[in-house]
Structure formats: C-alpha cells, structure tokens
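Peer 1: Going down the list, the sequences are from chains A and B. Take the first sequence: its position 188, counting from 1, is numbered 187 in numbering that gives the first Met the number 0, and each next residue is one higher. Take the second sequence: its position 318, counting from 1, is numbered 317 in numbering that gives the first Met the number 0, and each next residue is one higher. Think of the CB as a built atom: it goes at the ideal place given N, C-alpha and C, for glycine as much as any other residue. Questions regarding the structure given below will be posed in turn.
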Amino acid sequence: MKRTIFHAVIVVFVGLAGFAAGSWFAVRKRSAALLAAYPATGIATPPAAAPPVVDSEGDSEARLLGALRIKNRLERSARLYESIGSIGPAQLHALLQRADQFPADLRDTLRRALFARWLQIDPSGAAKWVRPFVCKRWTTTKADIYGDNLPAQLTEMWATANPAAALAEFTKLPLSVGGAELIAETALKMTVGDHAACLAELGKIADTPKREFALKAALSEWAVAEPAAAFSRLALIHDPALWAEAASDVLGSWVKKDAAAGLAQVDVLLPGLSPEDARLIIGNAAKSGGKNAAGWALAFPEPVRGTAARAVFNAWRDTQSIGEQIAAVEWAGRENILTDPEDAGQGMGYRLQKETLDAILRTPVGAVRTELISQLLHDLPLDDARRAMDAVEPAGRRGLLLTFISGQALSAPTAAKLVETIALVPAGPDAARAATIVGQLLPQRFSAETESAIETVTDPVLRDRMYSAAIRSLDRNSPERTEATLARITDPTQRDIARARLIRGAAHESPAKARAMLESSPLSAEWKEVIRMEWAEQ
Amino acid sequence: MRLLFSTLFAGIVGLLAGFGWQWRPVAGPSLIERRTELTGALSEPAAPPDAAERFLGALQRKGDPLRIEHDLWMAVQSLDVADLRVVSADWAGVMAIAERSKDIPLNTQNALLAAVVEKWLTLDPNGAMTRLGELTTTLKDGDYIPEEVMAVLAKKQPQALVDFIIAAKAGTRRDGLAYQAAVALAGQHYKLSETLIALLPEESRRDCAAAADAARAAVDPEFGLARAAQPGWDGNRRGIIFSAGHALAKRGLDAVADALARNPQWQKSDRSMFLIGLIEQNPAGAAQLVADSPAENWSANTIRQVATVLAGRDTERAIAWAARLSGEARAMAEREIGVALAEKDPASALVWLARSSLAGDDGPRTRAFQQWLVSDEPAARAWLDLQPPGEGASFARAAMVRHLTISRRADEAARFLAPDDAKAVRIVADSFARADVKSAAEWAAALPPGTGQGAAMQAVVSHFANEDTDAAEQWVSAFPSGPARDHAARALVEKLRRTEPDRAGEWVAQIENRWQKTRAAVSLFDYWCWKDRTAAETWLRSVPDIYEIVRAERLSGL
C-alpha cells in the first residue's frame, strides 16, 4: 500500500514537473517568437493617411480641445489621435496659433497632435514648420534629453514619417554631436534597421567631418547588438581622435557583451595607440567589463592602472548587490586601488551600501579604506559613522569628518540642530570648515532663520565663516540688509572674502552688474585685480 | 516497468499540457498592418489575434508618440479579466511587452502601467488588490511604485490601499509604500493620509507630512495658505506655497493677487514659488502683478520666468512689459526675451538686443548669433560680412570662430581670429592640437607674443603632455621667458600634479607672472588637499610671489 502511494506520488510529481517544464518552454518559445515578430527597430513607415472624417470644423475643434482636458495621459492621446483625423489644413494653422497661448504641457501635447496630422496631409509644410524645433534639438545629445522634450519628439516624428526628407535636411545643418546621432538614427530608419546599408547611406554625405561623426554614431549604435561587425568597419573613420572615440564605444559594447573577446581585442589594438587614446579605450573597456575586467585592469602600469581599476570598481559597485559590493571592497583593499583623487569624480551616482562596512573595516588602514568609507558615510547611523571614522588614519579622518557633517547637516530637522552639527568637530581649522559647510546649507534649508541661527554661535571665527558662506543666499533674499550682514563679520579678511563671493556670484547672473559692483566695492586694489583677472580667463 | 511507463507517461502528458496551457501562436505584425491598410481606419485598428500582440504592435509605433499612446490605450481597453488572472494570463506576452517597453519614454511606461492597473481595478477589484499586495512584497528597499500607479490606487481603492499597507510587515519597504500612499491620498482623503503618516518612523514622518500638505494644498489652497503661515520647516512651507499658487492660478488672477496681498510677510523666494502657477497659466497676468508692485518684491527667477513664458507666447507684449521694469530687473527680463526672440528670428533678435538695455552686454547677442549660425549659417555669415570692423561685432566674430572650430573648419576659423582674443585662440588651439599636436605647437609658437599666444600655448601643452610629458617639458623649457612660457608652464603643472607633484612644484617656481603663478599654485594645492591637506597648506604658505588674498582665501577653506 505504502509502495503504491509512493509510486503515485512519483508519477504525480513527474507529471507536475513536466507541466512546469512544458509551460516554461512554451513561455520562452512564445516570448522569443513575439520579440522576433515585433522587433525593437519598430515601424519606419507610417500607415497611409486616414481619409478625412466628415465633420464640421466646429465639431472637430471642440473634440480636439475637449480631449486636451482629459487627465489620463493615454486616454488623452487616444482621443486626440481620433480627433485629428478630421482637422483640415486651415484649422491646423489656427489651432497651432491657439496652442501658443496654452500652458506648456497642453501646448506641447496639442503641437504634437497637430504635427502628426500635418505630416499626413502636407509633409513639406510640416517640415518647414518643424525646422526651428530641429535646430533646437540639433545641439542636444540623446543622453541629455529627458521627459517630454518637444523638439526631440517632433524631430523624431518627422524622421520616422519621412526619413529621406529629414536626412537631406539634417545633413545641411552644421556639425554637432547630437546632430550626428540624429543623422545616424534617421539613416537607420531609412534602411529599415539594416546597419550595413545605413553605413553605406552615411558614406554618401559629402562633408567629411559630418560624415565621420555620423558614422561614429552609427557604429556605436550597431556595436550594442553586433560589436564585432561594427569593429570591422572602424576604418571608415579617418579622423584619429574620432576613430579613438568610436573604437572606445565599440569595444566598450563588445566587452559588455563578451568580456573575454572584447578585452582581447583591446589588447590587440593597444600597441599602435597614442597614450591618450589608449587611456580612453582602456577606461571605457574597464567600465564596461566591471568585475570581469578586474584582473585585466591591474596589469597596466600607473596611472592607467589606477584609472582602469577605479572604473572596474565603480561598475562592480553599481551592480548594487550587497554580495558583489563586498567582493568589490575586498578587491579594492587587496589590490590597493582608489588611491588617486584625480579619478574620484568618476561614477559618483551610486554609493556603497551600509552592509559593506565590516568588509571595509577589514581592508588595511590607508587611503583605500578612507575612500571606501567616504562612499557610505552618508548612510551610516551615528554610532557606525563614528566607528568608521575612528578606523582611519588622522589625515583621512579630517576629510571624512567634513563629509559626515554635510550628511548630518542635510538631514537636520531644524536650523538649531543644523548649527549644532558644528560641535561634532573638534575646535580648530576643521571646525571652521564645518562652519563653512553649515553656513552654506543654512539659507538653502531655513532661509528665514539663517541669521538668527548664526547669531547663536558664540565663537566669532565660526560665526564669521558662516556669514561669509551664507552671504550670497542672504543677499538674494534681502539685498537691502547685505551691508549690515557684512558688518557683522568681525575679521576683515573674511569680510573681504564675503564681498568677493557676492561679486563673483553676481557675475554669473549679470556681468555688467558685477563689474559695477566691483568698481564701487571697498575691496582692496589687489582684490579687484584678482577678480578682474579671473573674469578675463573665463 | 509499469512505474517507469506511468512516470514517463505522466511527464510527457504534463509537458504537453503545460506547453498547451501557455502556448499561443504568434500572428505577427504584417497581418495587423495589412488589416489596418485594408480598413483604412486610424482610430480603430483591426483587432489583432491577442492582447500581447496588440501591445507589442503599439510599442512598435516609435517616433509617433500620439499613435503609440493611442494604440496602447486601445490595447488596455481590450483587456479582459482572463488576461489579468495568474492562471489564464499570457506570461510570454508579459515578458515580451516588458522587454519592448524599455524602449519607450518613462512617462509613457508609467502611464501604461497605471492604465493597466486602473483597468484591472475596474474588472476585478478584489483580485487586483490581492495580487498587487503580493507583488509589492517583491519590491526591494529603495524601489517604488510609479506615482501614476499610486494615484490610481488612491483614487479607486483608497481604504483598501491603507488596509493593505497597515497589514504589511513593518520595515523600510512598508515605510516607503506608506510614504508614497500618504502623499497620493492627501488631496482627497486627508484622514487616511494621516493614518499612514502615523505609521512612519519619526525621522521620515515630518518629511512625509510636508509632502502630504503640499499635495493637499494643490486641492485646497486655503488650507495651504493657512499651513504656510504657521512657523515651520522652510522646505515644507515653500512646497505648500507652490501647490497653493498653482491651485489659485486656476481660479484666476484676482485669487492670486488677493493671496499675495494677504501675505505681506512672505519673502521674495516665497512669492517666487507662489507665482509659478500663474506664470504658466496666465503669464500676462503674472507680468502685470510683477510690474505693478515694487521690484524688490520679486526674485530674479520670477522675472526670468515671466519673461521667458510671456515672450514664448507674445514677444511684443513681453518687450512692452520689460520696458516698464527698471535696472537689473529690466536687464534680466530683456535677456530672456532675447533668447526667446532668437529662437524664432535670430536676425530680429540681434537688431532688438542692440537697441535694448543689454546693448553693452555681449552674452545675449552671442547666443542669438550662435542660434542663427545653427539655423541658417549663410545668412548669419552674410550679416557678419556687412558689419564694420572693430568692437561692434566682435561678439559675432568670436561666435563664428567657435562655430567653425566645432565644425572642424579651423582653417576658416582662423580668418575671423583676432590674435589678442585669448578665449577664441584657446578654442582654435585646442581643436588644432587635438587633430595634430606637433603642427599646433608650431602654429602657437609663431603667433605674435601676447595673451592670445599664451592661451594657445596653454591649450597645446595640455595636449602635448598627454602624448609625451618629457617632450612637452623640453619644448616649454626651450621657450624664452615671457607670457607664453608662463602659460605653458601652468598647463604643465595641471598635467604633472597627479603623477609628479614635485616636478609640478618646480614648474610653479619657474613662472614669472604673478597671476599665472598664483593660478598654478592653487591648482597644485587643490589636488594635494585631496591627499594631504596639512602638507598642502604648509606648501602653499611657502610659495613666494603669489597673490596674498588668494592664498588667504584658499587657506580659509572656502
């Protein structure tokens, strides 16, 4: 009996396992089939224009403007799309003029809708209208465009609807990186996603720099999917600096896709490169490879080793997995990387997570440990932060302390608490620096209370520093009180520094005003000379 | 034997059943396209075989944001309960849609997610809330639900949303959800919002209450104004003022003016936040408010925003408004109007700017000319050719040099180059050195002595040292003392400070010009501070012949 039950359980189990495997297999197969049937390249040619719907002018306009009031974004687009089919050429112009008077979001939504219709009924008229938007898009790169960027969207709409006309117009515009990306994208649309044909199309551009910039953009794009194929066409670019940038992009994509093959290709290429090009390509390959490029990065001599290792570390850290971050920390400690501040600006977006603290404290005392701690200090609870700062050498502790103060000051709930953070630093030069940080943050967070909070500080040195750091914000809020605020600074040197800050700040907004301020300022002749020379260099 | 057979049979049957359960044939887009063409209907595309393909077809409409969102909306509307249930859902379709959705803008992605959730809540509210509750347990710390989705949940199932969060396991994930939901509920369900805020740990309660207050002020501006009048955290007050301003702007100019009159204690920055809504809704009204009250009431941001938005809608009106302002406010407004005008008609912008209060300021005219060079280079060049030589059009010549250099036409750029225009020379030299550092070095050496040559040397040495530091040092050493050598030495300090700080220090000592020496010393000091601030300070104190005030400023840490 028991045996029968056991056999039945096995049969049922295998049946269920088969069911799960069959489902999984079907899901994979169907998903792949769907993705193949609907490729990412999209539809380059729009369907034929809709026949005009018989509708009175008033009705179609009312429907269109009514659709604009719908809050749900997708529904609004759907109703707009349905309404534009009945808009005629005369109405288009009138509605576009009307759109100018709407708030920005409605105006842009309406412009998009009307342009879509215009492209259907009068492509050349639409092309003329869109030109100023294309010019605006021209100097912006793809990576800099966020959200509902109207110039980018209208340009893309045109390039999709009529790639040949758009490409002809784009190649007449001056050279720019963003423009070259657009030319490459449009050529790819024209050739319906055929990268080789796209390169051939770009090869027809007569202007050499424009052609080569566009080829670089096209090769970088192709390399994401087929790096080896893109790599084999790099010789199409003859400008040495541009070639190096293209090679860096293509190899970076190759390393991302297949680290071993990509890095091997970098090694083959390196002997013929200038030091600058080599650094560029190695840095990007290291970043793309992440932990897979760890050993490879360390084989280079300094300072390339440091740059490459930092890139590897940042990519490894940015996986955001705690396990991987700990492994990255252990590697950094073992290999003594992250010691060069010149590279510290790379990859500042992410930080180490607080769970890596113990691993960091196991690294040897020195610059690496200090740098690692600085990457997670902001997130540590007070006790852990103190423990971390106590575990570094004195020279490094000073910088960490100020990082820590910034973090504490940013989360202080009141102006008084913010000022109290200065007391976390021992008296002396570090306290003065902490006072400067707090002085900068006070008006940003508690503008109305800035002066009263500064007045609670009894040490005149710290108070001077705080006023000096806060002076620009205080001046913006109440310029009539600026002179009185300056008079509260007891140290003449600090007062001069504060005056100079005001004048330098004004120069960002109005050079003419700043010049006038400088001339009438009681600053010494030497100060004035220095500021004038700074401006002359900018 | 029988067991083996039974097991094998069960496995095969299970495999086939599982495959059959999930497998659906793929019709492909060609069929959809053909049907669309046959029917000729843009608003009603022919129904493709299944929901997943409707979504995937929609997601292919790249380059046509309206069409893509239309088709996605239609696809969402065609969903039925079976599409949204675990046992009957098309998981392959979900995977494919998730993959293809990565390519569409984030706003559209979030709107799609919100529309699906809304449809789900309509078709099967209980099932949806249960399933969404389970899904949220898979969120990692720091993950969040898109604002649009949370807004749908707050609108359709406010109480269920709160109940679900209360029942969730306490921790950072629940705190995150409670925070988001409290803000989403604040406008219409303030009590429920307060319930969730009470769940939060003390340190985030204040922030969340502030965000919730701002959301409530967007619906109930009087509440916002009353709350803003209470003493409290500035960030909170400004957010509330901003929301209340937006809400009141929809009621009209009088409502905004009345609120401003009732709050004379507001600072400039408060008024600036408050007016943003009116500027967007009714820029002419906002302009009137600004012009009718003392200039010191308004921040620079407000002046700029009014000018930008008004000029975008009605340039003539904006110009007339700016003329009513005086001093710096007028200059700021005219600068923004110049930018807006240059986008529409750069030639007219140049003429107008020359007559405006900004006639002595090259910045706005430079931007207008740059705009013109992008949109119509031949016309811009023709205009420049007609300008008399001298200072009058120097801004345009400098812009032309930059434009031609960026366009890799350095030889043409040289035609417009004034040797004493250090900025322009630096740009050309940089471009030249990038392409051919040796030739650029020869060119820089042959320039007439002066600031222009110095700037060229600095740019060239920077590239030269990247190629070969020793050769660059030898080249600079061979140069006679003077401004060009000082500039070049400063560029060497920039390059050497990282790898050979001692040699960088030696080059600082060799610089004769006091200003160049000061800048070089500061450059080395700043880098050194990263590594060892104490040693860097000691060194900076010992450097002779630099500007004392710069030394003092650096040592004071600002």
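Would you say Ala469(A) and Leu423(A) are within 8 Å of each other, going by their C-beta atoms?
Peer 2: Counted from its first residue, the first sequence places residue 469(A) at position 470. Counted from its first residue, the first sequence places residue 423(A) at position 424. No.
Peer 1: Do the segment 298-313 of chain B and the segment 273-288 of chain B touch if we need at least three Cβ pairs shorter than 8 Å?
Peer 2: yes
Peer 1: Can a CB atom of chain B be found closer than 8 Å to the CB of Glu200(A)?
Peer 2: Here residue 200(A) corresponds to residue number 201 of the first sequence, with the count starting at 1. No, because no Cβ of chain B sits closer than 8 Å to the Cβ of Glu200(A).
Peer 1: Exposed or buried, Val8(A), counting other C-beta atoms within 10 Å across all chains shown (16 or more means buried)?
Peer 2: Position 9 of the first sequence, counted from the start, is the residue given in the question as residue 8(A). Per the 10 Å Cβ criterion, exposed.
Peer 1: Can you tell which of His92(A), Gly65(A) and Gly288(A) has the C-alpha that lies nearest to the C-alpha of Ser247(A)?
Peer 2: As a position in the first sequence, residue 247(A) is number 248, starting the count at 1. The shortest C-alpha separation from Ser247(A) is found at Gly288(A).
Peer 1: Measure from the C-beta of Trp382(B) to each C-beta in chain A and report whether the shortest distance is under 8 Å.
Peer 2: The residue labelled residue 382(B) in the question sits at position 383 within the second sequence. Judged by the 8 Å Cβ criterion, Trp382(B) is not in contact with chain A.
Peer 1: Can you pull the chain A residues whose beta carbon is under 7 Å from the beta carbon of Tyr546(B), in chain order?
Peer 2: Numbered from 1 along the second sequence, position 547 holds the residue referred to as residue 546(B). Neighbours of Tyr546(B) across chain A, judged by C-beta separation under 7 Å: Glu525 and Val529.
Peer 1: Excluding sequence positions up to five away, which residues of its chain have a Cβ less than 8 Å from the Cβ of Arg261(B)?
Peer 2: The residue given as residue 261(B) occupies position 262 in the second sequence. The residues are Leu224.
Peer 1: If we count the other Cβ atoms within 10 Å of its Cβ and call it buried at 16 or more, is Met272(B) buried or exposed?
Peer 2: As a position in the second sequence, residue 272(B) is number 273, starting the count at 1. It is buried - the Cβ of Met272(B) has at least 16 other Cβ atoms within 10 Å.
Peer 1: For Ala428(B), would you say it is in contact with chain E, using Cβ-to-Cβ distances shorter than 8 Å as the test?
Peer 2: The chain labelled as chain E is not found among the protein chains of the depicted structure, namely A and B.
Peer 1: Going by beta carbon distance, what residues of the same chain come within less than 8 Å of Ala470(B), once the five residues before and after it are set aside?
Peer 2: On the second sequence, position 471 is the one that residue 470(B) refers to. Cβ within range, chain order: Phe463.
Peer 1: Is there a Cβ of chain B sitting closer than 8 Å to that of Thr566(A), yes or no?
Peer 2: Nothing about residue 566(A) can be read from this structure; chain A reaches only from 0 to 537.
Peer 1: Taking only beta-carbon positions, decide if His237(A) is within less than 8 Å of chain B.
Peer 2: For the purposes of this step, residue 237(A) is taken as the residue at position 238 of the first sequence. False, the Cβ-Cβ gap to chain B never drops below 8 Å.
Peer 1: Within the continuous alpha helix (DSSP H) that includes Ser430(B), where are the two ends?
Peer 2: To locate residue 430(B), count along the second sequence from 1; it is residue 431. Ala421 to Ala434 is the extent of the alpha helix (DSSP H) around Ser430(B).
Peer 1: Can you give me the C-alpha to C-alpha distance between Thr154(A) and Arg136(A), rounded to a whole angstrom?
Peer 2: By 1-based counting over the first sequence, the position of residue 154(A) is 155. By 1-based counting over the first sequence, the position of residue 136(A) is 137. Cα to Cα, Thr154(A) sits roughly 7 Å from Arg136(A).
Peer 1: For Phe114(A) and Gly65(A), what's the separation of their Cα atoms in angstroms?
Peer 2: Within the first sequence, numbered from 1, the residue matching residue 114(A) stands at position 115. Within the first sequence, numbered from 1, the residue matching residue 65(A) stands at position 66. In a straight line, the C-alpha of Phe114(A) is about 18 Å away from that of Gly65(A).
Peer 1: How long is the line joining the alpha carbons of Gln90(A) and Ala98(A), rounded to whole angstroms?
Peer 2: Residue 90(A) sits at position 91 when you count from the first residue of the first sequence. Residue 98(A) sits at position 99 when you count from the first residue of the first sequence. Answer to the nearest angstrom: the Cα atoms are 12 Å apart.
Peer 1: Can we say the segment 129-143 of chain A touches the segment 85-96 of chain B, given the rule of at least three CB pairs closer than 8 Å?
Peer 2: no
Peer 1: What residues from the segment 440-465 of chain B come within 7 Å of chain A, judged by C-beta to C-beta, listed N to C?
Peer 2: Asn465
Peer 1: Measuring CB to CB, does Gly362(B) end up less than 8 Å from Pro510(A)?
Peer 2: Numbered from its first residue, the second sequence carries residue 362(B) at position 363. Numbered from its first residue, the first sequence carries residue 510(A) at position 511. The answer is yes: Cβ separation under 8 Å.
Peer 1: Taking the straight line between their C-alpha atoms, what separation do you get for Ala298(A) and Gly62(B)?
Peer 2: Position 299 of the first sequence holds residue 298(A). Position 63 of the second sequence holds residue 62(B). Rounded to whole angstroms, Ala298(A) to Gly62(B) spans 45 Å at the Cα level.
Peer 1: At what residues does the alpha helix (DSSP H) containing Pro558(B) begin and finish?
Peer 2: With chain B represented from 0 up to 557, any question about residue 558(B) goes unanswered, as that position is not in the structure.
Peer 1: Along chain A, which residues have their Cβ under 9 Å away from the Cβ of Gln266(B)?
Peer 2: Here residue 266(B) corresponds to residue number 267 of the second sequence, with the count starting at 1. The answer, in chain order, is Ser446, Ala447, Asn476 and Ser477.
Peer 1: How would you list, in chain order, the residues of chain B whose beta-carbon sits under 9 Å from the beta-carbon of Tyr466(A)?
Peer 2: Counting from 1 along the first sequence, the entry for residue 466(A) is found at position 467. Those within 9 Å of Tyr466(A) in chain B number zero; the least Cβ separation is about 12 Å.
Peer 1: Within 8 Å of any Cβ in chain B, is that where the Cβ of Gln152(A) sits?
Peer 2: Translated into positions along the first sequence, residue 152(A) becomes position 153. Yes - at least one Cβ of chain B is within 8 Å of the one on Gln152(A).
Peer 1: Determine whether the Cβ of Ala293(A) lies closer than 8 Å to any Cβ atom of chain B.
Peer 2: For the purposes of this step, residue 293(A) is identified with residue 294 of the first sequence, where counting begins at 1. No, its Cβ sits nowhere closer than 8 Å to a Cβ of chain B.
Peer 1: Quick one: does Arg304(A) have its CB under 8 Å from some CB of chain B?
Peer 2: As a first step, residue 304(A) is located in the first sequence; it is residue number 305 there, counting from the start. Arg304(A) does not count as touching chain B.
Peer 1: Taking a contact to mean a Cβ-Cβ separation below 8 Å, would you say Ala455(B) touches Ala488(B) in this structure?
Peer 2: Looking up residue 455(B) in the second sequence gives position 456. Looking up residue 488(B) in the second sequence gives position 489. No.
Peer 1: Taking a Cβ distance cut-off of 8 Å, strictly less, list which residues of the segment 465-493 of chain B are near chain A, in chain order.
Peer 2: Asn465, Glu466 and Asp467
Peer 1: In this structure, does DSSP put Tyr546(B) in helix, strand or coil?
Peer 2: Numbered from 1 along the second sequence, position 547 holds the residue referred to as residue 546(B). Three-state DSSP puts Tyr546(B) in coil, outside helix and strand.
Peer 1: Specify the secondary structure class of Gly126(B) as computed by DSSP and reduced to three states.
Peer 2: Your numbering for residue 126(B) matches position 127 in the second sequence. Residue state, collapsed to three classes: helix.
Peer 1: List the endpoints of the continuous alpha helix (DSSP H) containing Thr413(A).
Peer 2: Translated into the one-based positions of the first sequence, residue 413(A) becomes position 414. For Thr413(A), there is no enclosing alpha helix (DSSP H), as DSSP marks it with neither H nor E.
Peer 1: Grouping DSSP H, G and I as helix and E and B as strand, with all else coil, what is Pro64(B)?
Peer 2: Taking the first residue of the second sequence as 1, we reach residue 64(B) at position 65. Reduced to three states, the DSSP call for Pro64(B) is helix.
Peer 1: So Leu71(B) contacts chain A; which residues on that side make the cut at Cβ distance below 7 Å?
Peer 2: Here the question's residue 71(B) lines up with position 72 in the second sequence. Those within 7 Å of Leu71(B) in chain A are Leu73.
Peer 1: Tell me the DSSP secondary structure of Met0(B) in three-state form.
Peer 2: Within the second sequence, residue 0(B) is the residue found at index 1, counting from 1. If DSSP states are grouped into helix, strand and coil, Met0(B) belongs with coil.
Peer 1: Listed in chain order, which residues of the segment 98-112 of chain A have Cβ atoms closer than 8 Å to some Cβ of chain B?
Peer 2: Among the residues of the segment 98-112 of chain A, those with a Cβ less than 8 Å away from any Cβ of chain B are Asp99, Gln100, Pro102, Ala103, Arg111 and Ala112, in the order of the chain.
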